[in-house]
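Quick note: the numbering used here has the sequence shown finishing at residue 293, numbered continuously throughout.
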Amino acid sequence: MALYTMKELLQDAQEKKYGVGFFNTFNMDMVRAVIRAAEESSSPVIIGTAEVLLKYGSFDMITPVMLEAARRSKVPVAVHLDHGYSYDVIMQALRWGYGSVMYDGTREADHADNVRNSAQLARTCHAMGVGLECELGSVGGLADAAGKVDQMAYTDPNDARDFIEKTNADFLAVSIGTQHGVYKATPKLDLNRLAEIHAAVDVPLVLHGGSGLSDDDFRNTISGGIRKVNVYTDIILAAKAAIHADGDEAYGDALLRAQDAMKEATAVKLQLFGSAGRA
Ligand code: 13P
Numbered sequence: 015m016a017l018y019t020m021k022e023l024l025q026d027a028q029e030k031k032y033g034v035g036f037f038n039t040f041n042m043d044m045v046r047a048v049i050r051a052a053e054e055s056s057s058p059v060i061i062g063t064a065e066v067l068l069k070y071g072s073f074d075m076i077t078p079v080m081l082e083a084a085r086r087s088k089v090p091v092a093v094h095l096d097h098g099y100s101y102d103v104i105m106q107a108l109r110w111g112y113g114s115v116m117y118d119g120t121r122e123a124d125h126a127d128n129v130r131n132s133a134q135l136a137r138t139c140h141a142m143g144v145g146l147e148c149e150l151g152s153v154g155g156l157a158d159a160a161g162k163v164d165q166m167a168y169t170d171p172n173d174a175r176d177f178i179e180k181t182n183a184d185f186l187a188v189s190i191g192t193q194h195g196v197y198k199a200t201p202k203l204d205l206n207r208l209a210e211i212h213a214a215v216d217v218p219l220v221l222h223g224g225s226g227l228s229d230d231d232f233r234n235t236i237s238g239g240i241r242k243v244n245v246y247t248d249i250i251l252a253a254k255a256a257i258h259a260d261g262d263e264a265y266g267d268a269l270l271r272a273q274d275a276m277k278e279a280t281a282v283k284l285q286l287f288g289s290a291g292r293a
């Protein structure tokens, strides 16, 4: 089926009201796991890496793997850069052929900087035929290079309209109560806020921090307008559990079992998001 752009995948999801999963894949086992799950589920899927994950697999090594796996896959696969903070990394992603990138301006000193940078990057990305995801409010839970953890701040629906008008971003990551990583307490999602954001902007909405949410959380947020769901922690936890289950196993066999475990964990999400059977 080959390589698609995130814009193409989310356009179909927007029309038919389902969610598409985004999974971080910084090595070949993760790429294989996610694409196998998508193929077995006849589902479109988005794979990619993030600026903070480049230490595990650099652009020049992992991007050709992702693009080649996408081209060979039996289902539509898009390749996306998650959480780009620096201009340099986003420019490199454009050069390496990502169909879409995320600029995360939520760490900027003030909101105006997020708006200005997002608008400038949208111009550059669009000139190159690349889609741009931006974030407003802050999902929270990610640590910066100095170890400082982002605090959660809800997205204001009125700001969302203004932000999309001013920046021309293609996809909007919203903060409605999710956080990145393992939850310390059961998350309570603000579905009214999501409904207001959905009514305020036309672009596909993105939910970060998909690990640890309940089946109902996915159903409610997708019926409330979420079109892309980011999941990372749950997938690597499945891999870790598989590797630790048998300490005597040969290294290669442990990796294969981890790949199977990640594939299973991914397939569960694809069913929940409603993308299974859509490829
Ligand atoms: P989790 O690790 O909480 O699933 O979040 C993933 C994510 O949002 C990546 O951008």
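Glycine included, every Cβ here is placed at the ideal spot set by N, Cα and C.
For the 9 Å CB-CB criterion, residue 153 and residue 36 do not form a contact.
Each of 96, 194, 222, 223, 224, 225, 244, 245, 246 and 247 has a C-beta closer than 5 Å to some heavy atom of the ligand 13P; these make up the full list, in chain order. A direct Cα-Cα distance of roughly 10 Å separates residue 68 from residue 75.
Sequence-distant Cβ neighbours of residue 18 in its own chain, meaning closer than 6 Å and more than five residues away, are 90 and 92.
About 6 Å separates the beta carbon of residue 196 from that of residue 247, a gap short enough to meet the 8 Å contact definition. At a cut-off of 4 residues, the continuous stretches assigned as alpha helix (DSSP H) that sit fully inside the segment 178 to 230 are 205 to 214. About 10 Å separates the beta carbons of residue 114 and residue 143, which is beyond the 8 Å limit, so they are not a contact pair. The DSSP-derived three-state label of residue 129 is helix.
Nearest in C-alpha terms to residue 24, of all of 119, 107, 185 and 117, is 185. Assignment of residue 116 by DSSP, reduced to helix, strand and coil, places it in the strand class. Burial is judged here by how many other beta carbons sit within 10 angstroms of a residue's own beta carbon; residue 200 has fewer than 16 and is exposed. Listed in chain order, the non-local C-beta contacts of residue 183 below 6 Å within the same chain comprise 132, 136, 146 and 148, local neighbours out to five positions each way being set aside.
Only residues of its own chain outside the window of five on either side were considered, and among them 35 and 245 have a CB closer than 6 Å to the CB of residue 283, listed in chain order. A distance below 6 Å between beta-carbons, with the five flanking residues on each side excluded, links residue 232 to the following residues of its chain, in chain order: 286. In the structure shown, residue 34 adopts extended strand secondary structure according to DSSP, grouped into three states.
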